[in-house]
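To start, the structure under review is shown below, and the notes come after it.
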Amino acid sequence: MSTDVPHRNKHHRPRHRKVPPGSPPGTLVADLGAPPPVIQVITYGPEGVIEQEIQTPEAIAQFVGRWPVVWVNVDGLGDVDTIRQIGEIFSLHGLALEDVVNVHQRPKVEAYEKYLFVVLHMLLAGERLATEQLSLFLGSNFVLTFQERPGGDSFALVRDRVRKNQGRIRTAGSDYLAYALLDAVVDSYFPALEQYGERLDAIEQEVITRPDRDTASNINRIKRDLLVLRRALWPLREIINSLLREGTALLAEETRTHLRDCYDHAVQIIDLLETDRETAFGLLDFYLLSISNRTNEIMKLLTIIATIFIPLSFIASVYGMNFRPEASPWNMPELNWYWGYPLALGLMAAVTAGLLRYFRRKGWLG
Amino acid sequence: MSTDVPHRNKHHRPRHRKVPPGSPPGTLVADLGAPPPVIQVITYGPEGVIEQEIQTPEAIAQFVGRWPVVWVNVDGLGDVDTIRQIGEIFSLHGLALEDVVNVHQRPKVEAYEKYLFVVLHMLLAGERLATEQLSLFLGSNFVLTFQERPGGDSFALVRDRVRKNQGRIRTAGSDYLAYALLDAVVDSYFPALEQYGERLDAIEQEVITRPDRDTASNINRIKRDLLVLRRALWPLREIINSLLREGTALLAEETRTHLRDCYDHAVQIIDLLETDRETAFGLLDFYLLSISNRTNEIMKLLTIIATIFIPLSFIASVYGMNFRPEASPWNMPELNWYWGYPLALGLMAAVTAGLLRYFRRKGWLG
Amino acid sequence: MSTDVPHRNKHHRPRHRKVPPGSPPGTLVADLGAPPPVIQVITYGPEGVIEQEIQTPEAIAQFVGRWPVVWVNVDGLGDVDTIRQIGEIFSLHGLALEDVVNVHQRPKVEAYEKYLFVVLHMLLAGERLATEQLSLFLGSNFVLTFQERPGGDSFALVRDRVRKNQGRIRTAGSDYLAYALLDAVVDSYFPALEQYGERLDAIEQEVITRPDRDTASNINRIKRDLLVLRRALWPLREIINSLLREGTALLAEETRTHLRDCYDHAVQIIDLLETDRETAFGLLDFYLLSISNRTNEIMKLLTIIATIFIPLSFIASVYGMNFRPEASPWNMPELNWYWGYPLALGLMAAVTAGLLRYFRRKGWLG
Amino acid sequence: MSTDVPHRNKHHRPRHRKVPPGSPPGTLVADLGAPPPVIQVITYGPEGVIEQEIQTPEAIAQFVGRWPVVWVNVDGLGDVDTIRQIGEIFSLHGLALEDVVNVHQRPKVEAYEKYLFVVLHMLLAGERLATEQLSLFLGSNFVLTFQERPGGDSFALVRDRVRKNQGRIRTAGSDYLAYALLDAVVDSYFPALEQYGERLDAIEQEVITRPDRDTASNINRIKRDLLVLRRALWPLREIINSLLREGTALLAEETRTHLRDCYDHAVQIIDLLETDRETAFGLLDFYLLSISNRTNEIMKLLTIIATIFIPLSFIASVYGMNFRPEASPWNMPELNWYWGYPLALGLMAAVTAGLLRYFRRKGWLG
Amino acid sequence: MSTDVPHRNKHHRPRHRKVPPGSPPGTLVADLGAPPPVIQVITYGPEGVIEQEIQTPEAIAQFVGRWPVVWVNVDGLGDVDTIRQIGEIFSLHGLALEDVVNVHQRPKVEAYEKYLFVVLHMLLAGERLATEQLSLFLGSNFVLTFQERPGGDSFALVRDRVRKNQGRIRTAGSDYLAYALLDAVVDSYFPALEQYGERLDAIEQEVITRPDRDTASNINRIKRDLLVLRRALWPLREIINSLLREGTALLAEETRTHLRDCYDHAVQIIDLLETDRETAFGLLDFYLLSISNRTNEIMKLLTIIATIFIPLSFIASVYGMNFRPEASPWNMPELNWYWGYPLALGLMAAVTAGLLRYFRRKGWLG
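Chains as they are written, first to last, in the numbering used here: chain A, 392 to 757; chain B, 392 to 757; chain C, 392 to 757; chain D, 392 to 757; chain E, 392 to 757.
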């Protein structure tokens, strides 16, 4: 699954499974736009390491068994035959291969007799939120990883540790390699979540100082991104837990200790995610309050202006009437009074003063 | 249950059970509008397949036992006698038959001594959201399926696999057929949920660019549809789980492996559903914010216009008063001033400039 | 408990227990307004049935043991002595009898050594939502039911089945009778929930077409009714479950199968209830959106009118000022221009056209 | 804890523990305002009862063991020495005594080797919501109760039952006394919750007929009171459950039956509480809707008035302009028309009629 | 983790792990701004106590084993070598040391073979909400504590108890010391939560009497602080629970009793926290209602003023029109009537009276 979240995104959600309902299980159908596979083999032991990019799956056979661990990494799922051949070399189940190709799987771990099958979502490096499916097979002497496309993974440092014999990776078995890869995937979520946290902080400032219409869209977009991340992260925790529970045969005690550490990291990431989500929800409430507040203030200003000037205008209108004083002594005699105009202005001033005092008492004037 | 959700729907919710409270259990009463049954029998084994539409249930007997698997599919529940006869042929419990006819059942699985009874809701193909009840009996050598009406099911590809001997369906037993049918039902939900996801994306764009009154109705309608789907889907997951737990005797190990795959799909669908539901709830909040924002902007415009022009009009009104300058030197001497009119216009210009500066400082003018 | 929900209800919630805190347990105090008891005895077996209304509890003794099952139904809890005597005849615990009389009990099931005690709320037939407490004792050869008042129960069809020997009720034991009564109580909730569903549909239409102030009150009232139903229905499910778990000794295997069916119905009812509740909550949100939308539209109209006419009126006011053209060439020379009036009207028309274009560009006019 | 909830309350929440963080456990420090202790001893058996108020804890010793049960009730925790001496007489643990004095404990039950220690919150009789901590020790032949201050408890009827030998309290052991006290505490919550229910009903009426600013404050205050009650009540249920689970040695079978009844009451109270809480939340929503509705209606009126009169005033203003008809035939010739004034009035009437028809079509005029 | 929450905070959330994804586990990298370590050793037994500040970790060795308990406290994590050396002295696992240095850990407890490792967040004394990570190792004869920086801890009273031989701390083992430190950490949260409670009470008063724009910001800020506290406190409870469950070998029975007391305190704190959180959420609702109410009142005033004066002004405008009475008997003959002006004023008075009565009937005038 490649979940790009562009600015105005149409590809937000994964497209559905390509296989029509009712098809026989285990049918391998490549995604139309899937890139052709690039196969990289790394095999190593305490004494050395061989790293090679190969063209055809048959070439894998020659690496198996020569060194304690062989790691086959496939970038790109565009060629179903390649995947089927690799499956045959390592005796993988058809349903598992189907899940490798249908990249919209929910993260999960499945224990087969001779190997463990793990599906998870890997965060791609880059500006936008994008994930791809990583399918990992762990056997007693091999690790297979299938990625949707070349580049973007977080495995560079793991490869370096193998090449440069850093830490205990070369002396440990395939289970330790699988742990190292999982750990790299888990840790790659930290910077992403940190970034969302910072954006939420920035939006909070924006709501306090000058909220505008984009603010709501931004919060909404973050909420949706976090929802996507949530779908990737919660199962991740379960996966590591399942590995600890079910993978007894394949995982050495030391690897299990490290996996428990990895589990702690996953819990911590979910913690951050949920905190971010709750913050985002809180921001929406805060924003709504903020707008209501502003509308209230605008209304106050309008009401003050209207309430003061409408009566004044009325008074002026009254003395703008054309009743003829000549026709009767009752017809607007004020117009001919000596103090008529000053009295009218005085009346207006009095009304204004009265209203201003009223507003001040209500606390509307600051 | 046939839950059509038309544009202005009255039939949104299932009508209640026709049997009055207190009736003896096992009473079979056909729904008034239920169509007459169409019975199709497919029986097959590794060597061949016979497919036939029959008129009377008695004809079923001749197919039972001839081949390893017999699948009887009944479309339409309008004739209670037919269902009772089929029940007798396969020794089905009266309460189960009652549930077949009363099509408002909650999805469930019940383990009887010699067969499993499964009730679930099947999505009908078509424009609108509509489901019908599928009742499925799984015995050691038979599968019975009862649908509310002909057409609309997702079993065409399964029939094809039987006819064309695709995959391992012909060599496997009745349990595998039941799995294949369940799998087809589960997978048929994917396109529907995908479609809701797309509609939600479209509505999100609508809220950003030009929300109107229909927008709220649309979100509300999607929310209700998703609520209906939820009632169908959550039990679906439990059902597959129950099958895995309870159906030990009838399900072969290989079928169980496939059922677990099917379970994963159900979990994935529920995941999509819940994501869609949360998105719909989020859209409502977003829409409310959006409207509040727009109201705020409208108020701002009104307030700017009113606050500028009401004082101006007041000034004009004052000099529209008819106090007679002749009556007194205090009566509107301005009217006779040489610069009277320009001064009045200047006063108005000054007031306008002051207010504009005030609004600019408040950030209301762009 | 008799929870009438009248139009303007004061009796919405149950009154508290009459017994003051600190009283010894098992104190029987009749409710003031409780009607006097009417005792009906039905005793039956496969061979026949006797049905009789009796005056004093002593008369019950002659029915016990003559036929396999005796069912004593008491309508009205106004006479504490009667209840105590029945309690003595069947050796019932004092705390259970206290719960019979204090009709504000939470639904529950209690297993005593020789009998099961079940308390639940029964929906009364009638226009308004009203429930009463049903207390049921199930012994190996008797069923006792205590209702708050005569009439309103859902047991007519059960009595008919006994009288007319329909189904297997006459051949089965007291446990089957208890199941039949429970089933009748459970099924009586279906029509009520259906009715709420229909009312919610109607209110949804109302919100779309013409919401008014009563709409909110109606939604609120339905929400409260559903809350009352919820308090009755959730424990109902637990009760049937408890019976299945604890009532091993008293319930025959066949009765348990039927009870499981009854349990399914209870789950289905709760499903309907929760769907209705969620729909009601959704309607409130929808209604709020709807009002915000309408307020927004009203504001738009006001703003359009005010924004167009306030400047026009201002222009007219300016030329209504009385500055004397005679006093100075700068004093309103326009008034004496040949094209003065047409120019003024033209200015107004230009302003109007400009503002209309502005509103059209904002999308406010259509 | 004494949680008074006065009209404008500052003491709403419990003050924090007086002991500074890091102090050794078991430090007894009396609260500053705590009243001096009043000690009452009641000792009884089937044959008789002695009831006496004593001055010093040493006097307790003479009562212990003379009769099957001794009940020491201490009102007021102002004297730490007294409490320590009582603790020594009955061999109580220091941590338990600390919890007696620090009256901000969460309700809990602790099983020590020879006695059970129960902390709960007791509702005080009176106008306002106020609770105090009740600490209860149950030994095989004693019950100790510590209350924060004299008066206000619900134990008068229990004392009467002991004095007057009502029910089986005198023949039963100390466990039955403890049950009776617990039951009195639990039952004392019923009237309080009933009162909140009635206030919520009254507020609902208020929202329907004439909501004002106090309405929101009232709902808010009830919500906070219910939150306080919730903190007291949920642990209460757990406590009774713990007693049933852990108190095997000290509780007779008959007492356990009664405790189960008491447990039912606690569940029922929590049910009422949660219903009240949900009702309060629903009222807030309803109130918000109600205000939005009213604002909408006010806006409608304003818009109708403004939309009708602003154009009318504009027409009048036009003919109030002073363009000189003498200066040109185009300058306001209408002023000299024979039907000028009636035509102007007719124009106004026509505009009014048109707008009224518009509003009627929009359904704004009733 | 040092979570300062300043007025305009950027450092609200923890920065992410410094170690890049894919690094080998157990890599110790000091935080850039971390202060250099200050090491304090306290060793004691029933007979005496030695307390000393040391410069290099090697000096620790001489204290180990001389007295029953040695407590090494390290303030400041700026020097990785120091920490590694201490780890070697006490044979600590590399992953645990990594968690000590990477101070963004989620609180947790890990049982190693010879020691327990506890991570938790300690509230710093001071004006603002700030926490730091406390890492604690408990061995059979040692306690190690690592704090992020000198000062700010809550251990002063614990040190005093050791120095002055208060309570049983000197006679008990290292487990009791660990308990005492945990207890001090837990209790230090009480004043902070109390303070938030008081601020919420103050804000509630503010909302009732005079809400302004800062009110919303304040509630929002408290909500976020409480969210931070929540992330620290919920795991704290789990930690103590885990200790009770897993720490069997290292914890004496008496210490476990005290830990259970400490567990009760943690539960109580979480209770307070959740109450505060719910109160904060309730305040937001209340505030929104309050603003809506005020807007409603402002609108009412505006509508009253406008509805009264707009018609009055219209009447005045009509008689301000300049139709020439001379031109026709129909042209504003009112202007020449004897009672013209008084009649016009009377008409205005009548309109005003009518509108006032209308508003009074609507209940808008008080």
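Here a beta-carbon is modelled for each residue, glycine too, at the ideal position from N, C-alpha and C.
Check	Outcome
Interface flag, B/LEU624 vs chain C, CB-CB below 8 Å	no
Proximity to B/VAL465 [Cα-Cα], best of B/PHE537, B/GLU637, B/LYS691	B/PHE537
Bridge partner(s) assigned by DSSP for C/SER526	C/VAL510, C/PHE537
Cβ neighbours of B/PHE508 in the same chain (closer than 6 Å, five flanking residues each side left out)	ALA487, GLU501, PHE528
Residue range of the unbroken alpha helix (DSSP H) whose run includes E/ASP466	No alpha helix (DSSP H) holds E/ASP466; the beta strand (DSSP E) holding it covers 460-466.
Rounded distance between the beta-carbons of E/PHE700 and A/PRO702, thought under 8 Å	6 Å
Nearest-angstrom Cα separation, counted from A/GLU669 out to C/GLU637	43 Å
Buried or exposed by the 16-neighbour rule on C-beta atoms within 10 Å, applied to B/THR447	exposed
Stretch-stretch touch, CB-based, cutoff 8 Å, three pairs: the segment 686-698 of chain D with the segment 651-671 of chain D	no
Assigned exposure category for B/GLN496 - 16 Cβ within 10 Å defines buried	buried
Element boundaries [beta strand (DSSP E), containing B/ILE445]	440-445
C-beta neighbour in chain A for B/ASP566, strict 8 Å	no
Under 8 Å by beta carbon: chain B residues contacting C/MET513	The premise fails here: C/MET513 is roughly 11 Å from chain B at the closest Cβ pair, so nothing lies under 8 Å.
Cβ neighbours of D/LEU535 in the same chain (closer than 6 Å, five flanking residues each side left out)	VAL463, PHE528
Inter-stretch contact (C-beta, 8 Å, three-pair minimum) for the segment 433-451 of chain C and the segment 737-747 of chain B	no
Limits of the unbroken beta strand (DSSP E) element including D/GLN431	429-435
Endpoints, alpha helix (DSSP H) assigned at B/VAL576	565-578
Straight-line Cα distance separating C/LEU624 from B/PHE481	36 Å
The alpha helix (DSSP H) enclosing A/LYS614, as first and last residue numbers	604-637
Stretch pair the segment 671-689 of chain C + the segment 679-686 of chain D: three plus CB contacts closer than 8 Å	yes
Opposing strand residues paired with B/VAL500 [DSSP bridges]	B/VAL509
8 Å Cβ cutoff, A/ILE630 in contact with chain E	no
Partner residues on chain A for B/LYS691, Cβ-Cβ distance less than 7 Å	ILE689
Cutoff 6 Å; reference C/ARG561; Cβ partners in own chain excluding five residues on either side	TYR435, PRO437
Beta carbon proximity, B/HIS407 to chain C, threshold 8 Å	Per-residue confidence for B/HIS407 stands at a pLDDT of 47, beneath the threshold of 50, marking its modelled position as unreliable; the derived number appears in the next sentence. Cβ-Cβ to chain C under 8 Å: yes for B/HIS407.
Contact list for the segment 498-511 of chain D against chain E, Cβ threshold 7 Å	LYS499
Members of the segment 717-751 of chain A that neighbour chain E once the beta carbon cut-off is set at 7 Å	ALA718, SER719, TRP721, ASN722, MET723
Residues near A/GLY478 in its chain [Cβ-Cβ closer than 6 Å; skip 5 each side]	LEU488
E/GLN557 (DSSP reduced to helix, strand or coil)	coil
Under 8 Å between C-beta atoms of E/ILE433 and E/GLU442	yes
Chain-ordered chain B contacts of C/GLN557 [CB-CB under 7 Å]	PRO415
Against chain D: residues of the segment 640-657 of chain E by CB proximity under 9 Å	THR648, HIS649, ARG651, ASP652, CYS653, ASP655, HIS656
Short CB-CB distance (under 8 Å) between E/ILE560 and chain D	yes
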